[in-house]
Amino acid sequence: MAPNEISQADVQRNEPNTEGLDSITRGLPSLVRWYIDIREWEVNGLDLPLLHTLRPTEQEAVKRYHFAADRRMSLASSLLKYLYIHHACGVPWKDIVISRTAKPENRPFYQSNSSTEIEFNVTHQASLTVLAGTIEPSEELLKRASSSSLSKEPSQLGIDITCVNERRNKAPRTMHDFKEFVAVFSEVFSRTELATMKNPKEVLQQARRLGYANSFVPEHTGADGTEFHSERTIIQYGVRLFYSYWALKEAYLKMTGDALLAPWVKTLEFKNVFPQSL
Numbered sequence: 001m002a003p004n005e006i007s008q009a010d011v012q013r014n015e016p017n018t019e020g021l022d023s024i025t026r027g028l029p030s031l032v033r034w035y036i037d038i039r040e041w042e043v044n045g046l047d048l049p050l051l052h053t054l055r056p057t058e059q060e061a062v063k064r065y066h067f068a069a070d071r072r073m074s075l076a077s078s079l080l081k082y083l084y085i086h087h088a089c090g091v092p093w094k095d096i097v098i099s100r101t102a103k104p105e106n107r108p109f110y111q112s113n114s115s116t117e118i119e120f121n122v123t124h125q126a127s128l129t130v131l132a133g134t135i136e137p138s139e140e141l142l143k144r145a146s147s148s149s150l151s152k153e154p155s156q157l158g159i160d161i162t163c164v165n166e167r168r169n170k171a172p173r174t175m176h177d178f179k180e181f182v183a184v185f186s187e188v189f190s191r192t193e194l195a196t197m198k199n200p201k202e203v204l205q206q207a208r209r210l211g212y213a214n215s216f217v218p219e220h221t222g223a224d225g226t227e228f229h230s231e232r233t234i235i236q237y238g239v240r241l242f243y244s245y246w247a248l249k250e251a252y253l254k255m256t257g258d259a260l261l262a263p264w265v266k267t268l269e270f271k272n273v274f275p276q277s278l
């Protein structure tokens with residue numbers, strides 16, 4: 001999403017916004033995932049576009065960051081939240097006030113005064129800022145809805161992104177080093193997760209059979225169809241596998257408001273995880 005996709009009509013409209021609210025009027029939940037790539041700002045010579053449209057306290061929070069990239073990602077986070085609330089709840093941009101839950105969670109939320117209930121979560125890394133948001137039926141809409149499939153339980157969202165290529169530590173060069181790297185996180189992952197991540201070759205073979213790793217081309221294929229990958233390729237896949245598990249766990253913890261040191265974190269186990277192809 002580029003800054004010009006946040007129109008002046010969005011930030012200047014004084015009346016409630018009623019565009020794109022079909023899912024609300026039908027009383028059905030909906031989910032969106034939006035992102036802003038701040039590299040597009042840099043290409044177009046933009047520093048902090050639309051900063052002036054935020055509340056003064058939020059403007060100051062953005063400007064407190066030392067590095068330009070951090071300031072821009074902080075601004076992108078606020079703009080995505082404003083835009084989502086504006087379109088999901090129909091609230092004029094200037095009337096939006098974002099609150100936070102009590103510490104230690106300290107999660108941003110919007111207290112809606114309408115029949116629209118929303119939940120959202122934001123993450124950012126390596127120039128990308130991403131928002132996941134959901135519109136859920138309110139009690140009023142649930143009473144009017146005839147569908148028994150609508151849940152009365154409040155939605156919870158967590159989202160996380162991880163850039164594999166922009167890490168401070170160098171990627172492992174041998175399988176031994178890779179397994180040692182994974183073992184460092186034994187307090188975060190379950191035994192099954194650790195064992196899976198330490199065997200990226202098997203996961204890669206399974207992913208290839210399922211069509212999930214087309215970019216990881218084997219060096220050669222045996223007469224019986226067995227694929228053989230170089231150690232470098234297997235390690236590369238293993239690193240992506242590790243950070244896929246990491247992002248999933250982080251997203252869940254962001255949803256609950258807990259930290260990686262939560263006592264139950266090792267019992268939170270993900271299965272059938274296959275990284276996206278390059």
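Last residue of the sequence shown? That's 278 in the UniProt record's numbering, and every number before it is there in order. Using N, Cα and C, we set each Cβ at its ideal position, and we do this for glycine too.
DSSP, reduced to helix, strand and coil, places E227 within a strand of the structure shown. Only residues of its own chain outside the window of five on either side were considered, and among them G158, I159, D160 have a CB closer than 7 Å to the CB of A251, listed in chain order. Here W41 is not bridged, per DSSP, to any residue.
Look at I85 here: in three-state DSSP terms it is helix. For Q125, the enclosing beta strand (DSSP E) covers residues 117–125. Given a length threshold of 4 residues, each whole run of the alpha helix (DSSP H) inside the stretch 145–201 is given here in chain order: 175–183, 191–197. Per the coordinates, the alpha-carbon of N44 lies some 24 Å from the alpha-carbon of N165.
C-alpha of A171 to C-alpha of W246: approximately 16 Å in a straight line. Comparing alpha carbon positions, the residue from L48, D70, S77, Y237 closest to R33 is S77. Following the DSSP letters along the chain, one finds T57 inside the alpha helix (DSSP H) bounded by residues 56–63. DSSP places E269 outside any beta strand (DSSP E), giving it a letter other than H or E. Bridge pairing for F109: S99 [DSSP].
A direct Cα-to-Cα measurement between R240 and F109 gives close to 31 Å. Taking C-alpha positions only, T196 is separated from R208 by approximately 16 Å. Relative to the Cα of E231, the nearest Cα in the group L54, I85, F274, P218 belongs to P218.
With contacts defined by Cβ atoms closer than 9 Å, S112 and A69 do not form a contacting pair.
Cα atoms of T101 and M255: separation of roughly 12 Å, rounded to the nearest angstrom. Spanning the alpha carbons of P56 and N272 requires a straight line of approximately 45 Å.
Residue burial is scored here from C-beta neighbours: F216 has at least 16 other C-beta atoms within 10 angstroms and is therefore classed as buried.
Counting the other Cβ atoms within 10 Å of the Cβ of P263 gives fewer than 16, which makes it exposed.
Between L248 and V265, the gap from beta carbon to beta carbon reaches 9 Å or more. In the structure shown, E219 adopts coil according to DSSP, grouped into three states.
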